[in-house]
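Protein sequences appear in the order of chains A and B.
Numbering of the first sequence is given in our numbering, commencing with residue 170 and proceeding in unit increments.
Numbering of the second sequence is given in our numbering, commencing with residue 2 and proceeding in unit increments.
Each residue gets a CB set at the ideal place from its N, CA and C atoms; glycine is no exception.
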Amino acid sequence: LAKTTQPISMDSYEGQEVNITCSHNNIATNDYITWYQQFPSQGPRFIIQGYKTKVTNEVASLFIPADRKSSTLSLPRVSLSDTAVYYCLVGLANAGGTSYGKLTFGQGTILTVHP
Amino acid sequence: DTGVSQDPRHKITKRGQNVTFRCDPISEHNRLYWYRQTLGQGPEFLTYFQNEAQLEKSRLLSDRFSAERPKGSFSTLEIQRTEQGDSAMYLCASSFREGGGNIQYFGAGTRLSVL
């Protein structure tokens, strides 16, 4: 599975846009890019998933350049409640093979939003 | 609430004791996963089931660990002869294999403390 690299931590202020970039140089053709959010003492929560170009939902946007070797999670106008750990994962989305059911998490990015 | 449910939320035990955790997945999901998470790290895959079949086990899952999903619905994770190194958050997730992009939905976890 492709390895991901993301910043260990980021700081922001309420109302700002936050962009977290993830590098995945060895991404495979069939790999999708998925982001999860995790609050202390809770399980990770799915935020967004994409394959190429741009994906937007009610929570975030995901930008993926043409070479797909990186991706950027964009959180518009963050609030204090967005303080969490954000994980970037790369792997098969529609997993037909038994080897790809699992998710492989890195250490994630600790986002701290200040008042 | 129709999300993934885990019980208990917290478990304190003495070294050498056996413990069992339960996970109830989202009802229509046919895949169920177990992960372990230690402080400051991302979740690590332990094992997963498709219906009642256990399809993959991590090398992290020593012979003291066993997981079952007898009727393809809820699952149990048992740890025998617990060790202090077993102290962690144990997370359960579920997904629906057909479509859905293998998006996994996590429970709140069971925090195990081995004294």
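Sequence-ordered contacts of the stretch 241-256 of chain A with chain B read V254 and Y256 [C-beta pairs closer than 9 Å].
Judged by DSSP secondary structure, Y91/B falls within the beta strand (DSSP E) whose first and last residues are A89 to S96.
Assignment of Q42/B by DSSP, reduced to helix, strand and coil, places it in the coil class. Proximity of L272/A to chain B, defined by a Cβ-Cβ separation below 8 Å, is satisfied. For F46/B, the nearest CB of chain A lies under 8 Å from its own CB, placing it at the interface with that chain.
At a beta-carbon threshold of 7 Å, the residues of chain B lying near P213/A are P44 and F107, ordered along the chain. When the Cα atoms are used, E57/B and I202/A turn out to be separated by approximately 22 Å. For I177/A, no beta strand (DSSP E) encloses it, and the DSSP letter there is neither H nor E.
Within the stretch 198-224 of chain A, contact with chain B at the beta-carbon level (separation under 9 Å) is assigned to Y201, T203, Y205, Q207, S210, Q211, G212, P213, R214, F215 and Q218. Nearest CB-CB separation between G275/A and chain B: below the 8 Å threshold.
In this chain, the beta strand (DSSP E) harbouring K58/B covers A54 to K58. Taking 8 Å as the CB threshold, R32/B lines the interface with chain A.
No Cβ of chain A is located within less than 8 Å of the beta carbon of Y91/B. S250/A carries a helical assignment under DSSP once its states are collapsed to helix, strand and coil. A distance below 8 Å separates the beta carbons of P176/A and I189/A. At a cut-off of 8 Å between C-beta atoms, I80/B does not count as an interface residue with respect to chain A. When rounded, the separation of the alpha-carbon atoms in S88/B and Y34/B is 19 Å.
From the listed residues S95/B, E84/B and L92/B, the smallest Cα separation to I13/B is found for E84/B.
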